[in-house]
Amino acid sequence: MSRNISLLSGKHKGSLLNKLVENSTSDKLLADQYNFGASTIPGTRSFYDFLKSDQPEAFVCTGTACLCKGNQKAVRATLEKHFDTVGEMKCLGRCYENSAFHLRSNKIKNSVGKNYSGNDIEHLESLLTEKLLSESLVEYDVQGTAYTAKSFASESFLVENQLINSIQDFKTHTETLFDSTNESLLSNLLESGLRGRGGAGFPTAVKWQSCAEQTEPKKYVVCNADEGDPGAFSDRYLMEEQPLKLIFGMLLCAKIIQSNSGFIYIRGEYPESVEIIQRTLDALKKQALLGEHILKSDFSFDIQVVVGQGAYICGEETALIASIEGRRAEVDVRPPFPTVEGLYKKPTVVNNVETLAAATSIFLTKGERFHAIGNGKSTGTKLICLDGLFNNPGLYEVDMSTPLSFIIDKIGDGFNREIKAIQIGGPLGGVVPIDKLRSLNLDYESFSDAGFLLGHASFVCIPKEFSALEYAKHLFEFVADESCGKCFPCRIGSVRGSEMLVNKNYDSELLDDLLDTMEQGSLCALGGGLPLAIKNLLQYFPEEFANRKIAIKEI
């Protein structure tokens with residue numbers, strides 16, 4: 000799409016993707032309104048899984064954590080007794096219980112559905128009689144499945160820090176925020192040493208300062224809540240349990256960069272999060288804490304929710320921007336970076352949920368206290384997610400640089416099955432063998448030096464009996480299915496890699512060349528990050544790749 004068309008699209012209020020979900024306007028009229036070519040809207044619809052017609056009413060989770068648990072074949076079989084078609088969703092954020100599935104009703108227009116996990120499948124008959132699938136459904140009580148959320152940090156900034164727990168708290172802190180200078184706010188954030196919690200670890204204050212320095216008057220704050228990494232549910236926790244902390248972080252950023260418009264892009268696989276965030280935004284707007292002239296000041300800032308439509312690639316910031324604009328979520332070449340030219344070609348800050356929530360806590364407790372935790376380079380606290388193969392699965396807050404031995408043995412209390420490795424940081428993170436885990440600390444430097452990636456800090460356990468070959472094939476298939484298709488190394492390489500592993504006589508040298516090509520030639524971390532996990536598996540479990548006769552299990 001040309002730069003001019005993107006600029007013109009920004010003059011319309013609201014995300015085009017939301018209008019496609021509403022499906023109340025013809026494609027031709029939408030194309031005319033947004034100055035798109037006639038083929039753009041159908042092309043966008045064809046890209047997203049949830050925009051396709053004839054959607055199933057039941058979906059089974061095919062995320063890595065559920066796959067490793069080994070129950071999904073039975074979950075699918077149970078669902079198939081009641082539904083003609085059972086679809087797939089990559090991760091529902093129920094990795095602490097596994098056996099996850101999703102139900103929605105095609106009788107209700109734009110039904111967002113509801114997620115289930117654990118023993119819920121045993122009660123499917125009663126679930127199907129609930130109001131969830133009735134035509135009279137207006138809204139349902141939003142209650143996430145209970146799980147452990149506890150802080151082991153020397154000072155809690157995210158789990159037990161409840162300094163912003165009500166609308167009144169939000170108002171009080173907003174008054175303090177408006178009495179502060181942008182320079183002091185940015186200086187406090189810089190002093191904290193906060194780095195992005197979505198995986199890349201880029202200094203947050205540097206990103207915000209870069210955007211603040213742009214002279215363009217129109218700017219955007221975008222929260223990347225498209226937490227798609229299988230094994231991760233920290234963003235879901237913050238959205239459902241501490242939404243005010245996230246929203247205040249966006250307001251803080253908006254004041255610093257002088258933005259009056261924000262978007263929260265929430266993955267469609269998190270219907271409970273969508274409901275809670277929207278209700279919280281509505282409550283804040285009623286109290287004049289969002290929208291025009293907040294607290295009767297000259298500052299205005301409004302936030303809209305955009306619901307993702309089943310594309311993992313939208314976790315990449317340029318693909319997410321394209322999605323909000325109503326385009327196919329294809330990755331853009333950088334530079335220019337979003338802080339210079341982002342949403343609708345305007346300066347844009349894109350941060351994930353945990354980063355924005357941490358920024359709120361830093362504002363409330365001061366940057367020097369946050370910086371005092373960690374190793375000086377990786378500062379503050381970090382949320383970690385332990386999956387259902389730990390004895391104590393759940394979400395925990397720990398100090399940066401906490402030894403993994405403490406996380407595994409003390410927090411997780413070991414494993415309920417024999418484990419040979421853990422993949423940390425999602426499907427593009429490193430696969431760390433058990434014998435190497437206890438020598439690492441939870442920080443960017445320790446992981447990078449050892450050839451791994453911290454990412455979201457999600458822990459997905461790989462059982463001893465689970466074939467490394469099977470696991471590698473699953474990762475290749477995941478990337479092949481989720482690739483935006485824009486670059487050849489990712490689009491073609493992921494398919495060829497999967498084919499090689501099925502072939503009993505594949506050329507190992509050719510596979511190495513393929514991985515190098517994907518790593519160096521892919522436009523983003525989807526194709527470029529996959530080789531790390533595959534190389535780890537080849538390096539640490541070579542004997543399992545030599546045995547080509549291992550059966551590939553069905554999901």
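Number 144 in numbering that gives the first Met the number 0 belongs to position 145 of the sequence shown; there are no gaps in the numbering. Don't be surprised by glycine CBs; every beta carbon is placed ideally from N, CA and C. Please read these numbers as outputs of a predicted model, since none were measured by experiment.
Check: Where residue 497 and residue 466 are concerned, what is the direct C-alpha to C-alpha distance, given to the nearest angstrom?; Outcome: 15 Å
Check: Work out the CA separation of residue 382 and residue 239 for me, nearest whole Å.; Outcome: 15 Å
Check: At the level of alpha carbons, what is the spacing between residue 273 and residue 267?; Outcome: 8 Å
Check: In terms of residue numbering, what span does the beta strand (DSSP E) encompassing residue 261 cover?; Outcome: 260 to 265
Check: So is residue 137 buried or exposed if we call it buried at 16+ other beta carbons inside 10 Å?; Outcome: Per-residue confidence for residue 137 stands at a pLDDT of 33, beneath the threshold of 50, marking its modelled position as unreliable; the derived number appears in the next sentence. Label assigned to residue 137: exposed.
Check: Whether or not the segment 330 to 349 and the segment 281 to 296 are in contact is what I'm after, with contact meaning three or more pairs of Cβ atoms, one per stretch, closer than 8 Å; do they touch?; Outcome: no
Check: Thinking C-alpha only, which one of 169, 306 and 206 is nearest residue 13?; Outcome: 306
Check: How would you call residue 192, buried or exposed, if buried means at least 16 neighbouring beta carbons within 10 angstroms?; Outcome: buried
Check: Along the chain, where does the beta strand (DSSP E) containing residue 511 start, and where does it finish?; Outcome: Here residue 511 belongs to no beta strand (DSSP E); instead the alpha helix (DSSP H) covers 507 to 520.
Check: Three-state secondary structure (DSSP) at residue 142?; Outcome: Unreliable positioning characterises residue 142 in this predicted model, as indicated by a pLDDT of 38, which lies under 50. A coordinate reading is not provided.
Check: Give me the residue from 30, 241 and 537 with the minimum Cα distance to residue 43.; Outcome: 30
Check: With burial defined as no fewer than 16 other Cβ atoms inside 10 Å of the residue's Cβ, what is the status of residue 367: buried or exposed?; Outcome: exposed
Check: Alpha carbon to alpha carbon, how far is residue 319 from residue 146?; Outcome: 29 Å
Check: So does the segment 464 to 483 actually touch the segment 527 to 543, counting three or more Cβ pairs closer than 8 Å?; Outcome: yes
Check: So, residue 230 versus residue 94, is the Cβ gap smaller than 8 Å?; Outcome: yes
Check: Who are the near neighbours of residue 357 in its chain, counting only those whose CB is closer than 7 Å to its CB and skipping five residues on each side?; Outcome: 156, 157, 193, 196 and 379
Check: From this set, 68, 49 and 241, which residue's C-alpha is nearest residue 308's C-alpha?; Outcome: 49
Check: Decide yes or no for the touch test of the segment 219 to 226 against the segment 313 to 330: beta carbon pairs closer than 8 Å, at least 3 of them.; Outcome: yes
Check: Which term fits residue 201, buried or exposed, when burial requires 16 or more other beta carbons within 10 angstroms of its beta carbon?; Outcome: exposed
Check: What residue from 204, 172, 174 and 165 has the CA that sits closest to residue 182's CA?; Outcome: 204
Check: Helix, strand or coil for residue 219, going by three-state DSSP, please let me know.; Outcome: strand
Check: Can you give the beta carbon distance from residue 68 to residue 290, rounded, assuming they're within the 8 Å contact cut?; Outcome: About 44 Å separates the two Cβ atoms, so there is no contact after all.
Check: Report yes if the C-beta distance between residue 187 and residue 361 is below 8 Å; otherwise report no.; Outcome: yes
Check: Less than 8 Å separating the beta-carbons of residue 210 and residue 264?; Outcome: no
Check: If we cut at 8 Å on Cβ distances, does residue 36 have a partner in chain C?; Outcome: No chain C is part of this structure, which consists of one protein chain only.
Check: Would you say residue 269 and residue 424 are within 8 Å of each other, going by their C-beta atoms?; Outcome: no
Check: Note down the Cα distance separating residue 123 from residue 332, rounded to an integer number of angstroms.; Outcome: 46 Å
Check: What are the boundary residues of the beta strand (DSSP E) that residue 398 is part of?; Outcome: 393 to 398
Check: Work out the CA separation of residue 436 and residue 17 for me, nearest whole Å.; Outcome: 43 Å
Check: Quick one: what's got a C-beta closer than 8 Å to residue 51's C-beta in the same chain, skipping five residues either side?; Outcome: 44 and 45
Check: Under a three-way DSSP split, which group does residue 447 fall into?; Outcome: helix
Check: Using a threshold of 8 Å, state whether the C-beta atoms of residue 113 and residue 102 are closer than that.; Outcome: yes
Check: Is DSSP giving residue 134 helix, strand or coil here?; Outcome: Unreliable positioning characterises residue 134 in this predicted model, as indicated by a pLDDT of 39, which lies under 50. A coordinate reading is not provided.
Check: May I ask you to report which of helix, strand or coil DSSP gives residue 416?; Outcome: coil
Check: Give me the Cα-Cα distance between residue 542 and residue 481, rounded to the nearest whole angstrom.; Outcome: 29 Å
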